[in-house]
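This report concerns only the one structure given below.
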Amino acid sequence: MTSNENVYYVKRISGRKYLRKKWCYLIEWEDYAPEENTWEEESCLMGNTELVEEFERQLIKEFPTNPNLVHTHDRIVLSGAFDPESSISESPEPLMVLPLTSKTNSKTNNKRQATDNHKKGSPRKSSRKTVSPELEYDVPEKLKDNWNIIKCGRSKEEIRRFLSELDNSVILAKDHTHKLIRTSATHSHFEGISPRVEVVNTVDGDPFPTDFVYIDGMIFGEGVSPPDPLFLAQCDCDNKLCSGLCHENETLVYSQDGLIKALPGTPIYECNENCECSETCQNRVVQRGRQVPLQIYKTKAKGWGVKALEDIPKGVFVEEYLGEVIKDTAGDFRGKFYDKAGTTYLFDMDFGDYVQYVIDSFMLGNASHFFNHSCSPNLTVYAVYSDSGDVNFHRLAFFSNRLIKKGEEITIDYEGKNKGDTDIPIPQGSPGKATFRCHCSSPNCRKYIHN
Ligand SMILES: C[S@@+](CC[C@H](N)C(=O)[O-])C[C@H]1O[C@@H](n2cnc3c(N)ncnc32)[C@H](O)[C@@H]1O
Ligand SMILES: [Zn+2]
Ligand SMILES: [Zn+2]
Ligand SMILES: [Zn+2]
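The UniProt record's numbering puts the first residue of the sequence shown at 1, with every later residue one more than the last.
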């Protein structure tokens, strides 16, 4: 330590992330245990660029085959480094982050230093104050009203982890986002999305949720890699059109017009990039994307919903459930917060052997984020394999199960009951689960819905 108690020495940088449009570094402090490592903004380094250069050199050493990592905006931590944000139970109280001061005694020696962004005065433990996670990260709009209830019973580190994960999701999605373009007081649409997705509110003055991020493809969360095409099996169809039985499908999946023929509950194996058939073969529908225009609109009793802008015949692929793919454990963690908010946007990939991945569309999604529940839904969900050889990693695709008339609301069954199921017990609600009174107005409405 120097005579200036506000100066601390940096041993090395052992991680980097991009948060709220700023680079942040995981700092290992001289004379402090790894458990005292902290994430600090770049300004804390006071222009000591050689620290960053050393970190980048180390990164290249550790990942010689992936030189692009030096430029990644993803969170990255060197091997063996202690990351206080990913070891919740052992982590010490978070440190105070103060505005940068200029009290640094830079003459002391030519050791690298950081300023008292990181307050390590004595007595160290008691002098520390914590910054509330809500000051570091925005609380999502949808959670603001009940935030005190939602965070009740959660430790500061859990709250920080939750908010920082959501913040990070938005950064991960940055190359896949589409802006909302307003064309009148009541009408907007998403830029670059075709067929169009409109947003219309003629019911009240509520604006469309400003922090919802519209995405055009799946986002892979921390620790989840996109499926590896190496493991994709080819089909051996004689004709290049795949008009017969193809892949592991037990029946013909799609008609010549691309309408679904497979029964609900049957997984669908589409042709993939390793197949030798043509790009227009009969066994590629979901991978070609949505072909029907949709409108997200404000309903009278269910918040926002989705309606058809044209008649949609039976059997049409309407939309894929998009969001951030996270591990099931991360889904459980986020679910505790969402359930308390009385809503959830988590969809398990549960057609495989066990649930390994969950799609979270709370912050990021497409029109399917706004599909409301109906006890007599007009969409049915199917598990679709088109880019993955992993049985536990599949897409979730919604198909119309009857003709949907222009202007009609498009709905799904949140409890995954199949159409035609009549013997369904009425759920009474369970503590901790997001449950709401159903306003689907179908004759066989189950009255209460568990998300
Ligand atoms: C996945 S979101 C659907 C989009 C939502 N309406 C919105 O504005 O973001 C689920 C929430 O929508 C509402 N909701 C969906 N279906 C409903 C229904 N049948 N009756 C009442 N509320 C419904 C509930 O508030 C539920 O927690
Ligand atoms: Zn094929
Ligand atoms: Zn094919
Ligand atoms: Zn209902």
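Idealized CB from N, CA, C, for every residue including glycine.
Am I right that residue i and residue j are in contact with their C-beta atoms under 8 Å? What's the rounded C-beta distance?
i: G258; j: V285; result: 5 Å
i: residue 472; j: G153; result: The question about residue 472 has no answer here: the residues shown for the chain are numbered 1 through 451.
i: D167; j: L19; result: 6 Å
i: W29; j: E36; result: 6 Å
i: V318; j: F398; result: 5 Å
i: I410; j: F347; result: Between F347 and I410 the Cβ distance is about 16 Å, and since that is not below 8 Å, they are no contact.
i: P227; j: D390; result: 6 Å
i: K261; j: Y254; result: 6 Å
i: K151; j: A308; result: Incorrect: roughly 39 Å between the Cβ atoms, too far for contact.
i: K298; j: D206; result: 6 Å
i: R12; j: E85; result: Their Cβ separation, rounded to whole angstroms, is 18 Å, which puts R12 and E85 out of contact at 8 Å.
i: H373; j: D413; result: 7 Å
i: K327; j: V224; result: 6 Å
Could you spell out where the alpha helix (DSSP H) holding residue i opens and where it closes?
i: V170; result: K156 to L172
i: T329; result: D328 to K340
i: L379; result: Element bounds for L379: not the alpha helix (DSSP H) but the beta strand (DSSP E), L379 to Y385.
Following the continuous beta strand (DSSP E) through residue i, name the residue where it begins and the one where it ends.
i: Q58; result: Note, Q58: premise wrong, no beta strand (DSSP E); alpha helix (DSSP H) at T49 to E62.
i: R182; result: L180 to R182
i: E28; result: K22 to W29
i: D348; result: L346 to D348
i: A397; result: R395 to S400
i: I359; result: Y357 to D360
i: K307; result: W304 to A308
i: E198; result: V197 to V200
i: E41; result: T38 to E41
i: K298; result: L294 to K298
By the 10 Å Cβ neighbour count, where 16 or more other Cβ atoms means buried, how is residue i classified, buried or exposed?
i: K419; result: Because the pLDDT at K419 is just 42, under 50, the model does not fix this residue reliably, and the point stays unresolved.
i: F231; result: exposed
i: N239; result: exposed
i: H394; result: buried
i: D175; result: exposed
i: F26; result: For the record, residue 26 in the displayed sequence is Leu; it is not Phe. By the 10 Å Cβ count, L26 comes out buried.
i: Q428; result: For Q428, the predicted structure reports a pLDDT of 34, less than 50, and the residue's modelled location is therefore unreliable. The matter cannot be settled from this model.
i: R288; result: exposed
i: I219; result: buried
i: E62; result: exposed
i: residue 453; result: Outside the modelled stretch of the chain, which goes from 1 to 451, sits residue 453, for which no answer is possible.
i: E279; result: exposed
i: I149; result: exposed
i: T65; result: exposed
i: N274; result: exposed
i: S388; result: buried
i: T38; result: buried
i: G365; result: buried
i: G323; result: buried
i: P133; result: buried
In chain order, what residues of the same chain have a beta carbon less than 6 Å from the beta carbon of residue i, not counting five sequence neighbours either side?
i: K17; result: C24 and R75
i: C445; result: C375 and C438
i: P443; result: none
i: G192; result: H178
i: P267; result: F351 and A383
i: E42; result: W23
Quick check on this structure: which residue in the options has the alpha carbon closest to the alpha carbon of residue i?
i: K144; options: G342, D228, Y414 and Y254; result: G342
i: N283; options: T251, L45 and E198; result: T251
i: I171; options: I260, S86, T72 and T266; result: T72
i: D204; options: V70, P313 and K302; result: K302
i: K314; options: I359, N401, F337 and P443; result: N401
i: E158; options: D413, Y414, D332 and E191; result: D332
i: E222; options: D211, S164 and F55; result: S164
i: N146; options: Y385, E50 and Y338; result: Y338
i: P140; options: S155, S169 and V131; result: S169
i: A173; options: E53, K156 and F212; result: F212
i: E40; options: N392, E136 and S388; result: E136
i: E248; options: S386, T38 and G47; result: S386
i: A330; options: D360, V131 and T186; result: D360
i: D311; options: L51, I404, L396 and L322; result: I404
i: V316; options: A33, R290, L322 and G323; result: R290
i: F362; options: T210, E408 and D83; result: T210
i: Y214; options: S132, Y321 and E54; result: Y321
i: F82; options: E54, M46, A33 and E53; result: A33
i: L51; options: V10, G80, Q256 and P67; result: V10
Using a Cβ-Cβ cut-off of 8 Å (strictly less than) and excluding sequence neighbours within five positions of residue i, which residues of its own chain qualify?
i: F208; result: L180, S188, V199, N201, I296 and W304
i: T392; result: The amino acid occupying residue 392 in the given sequence is Asn; Thr does not appear at that position. Closer than 8 Å at Cβ, skipping near neighbours: M349, G352, D353, Y354, V355, Q356 and Y357.
Please go through the same chain and pick out, in chain order, the residues whose beta-carbon is closer than 7 Å to the beta-carbon of residue i, but skip the five residues on each side of it.
i: C237; result: G244, C246 and C277
i: A367; result: V197, L294, I296, V306 and E319
i: residue 459; result: Residue coverage of the chain in this structure runs from 1 to 451, which leaves residue 459 outside it and unanswerable.
i: L69; result: L59, F63 and I76
i: G335; result: T344 and L346
i: P195; result: R290, Q291, V292 and P293
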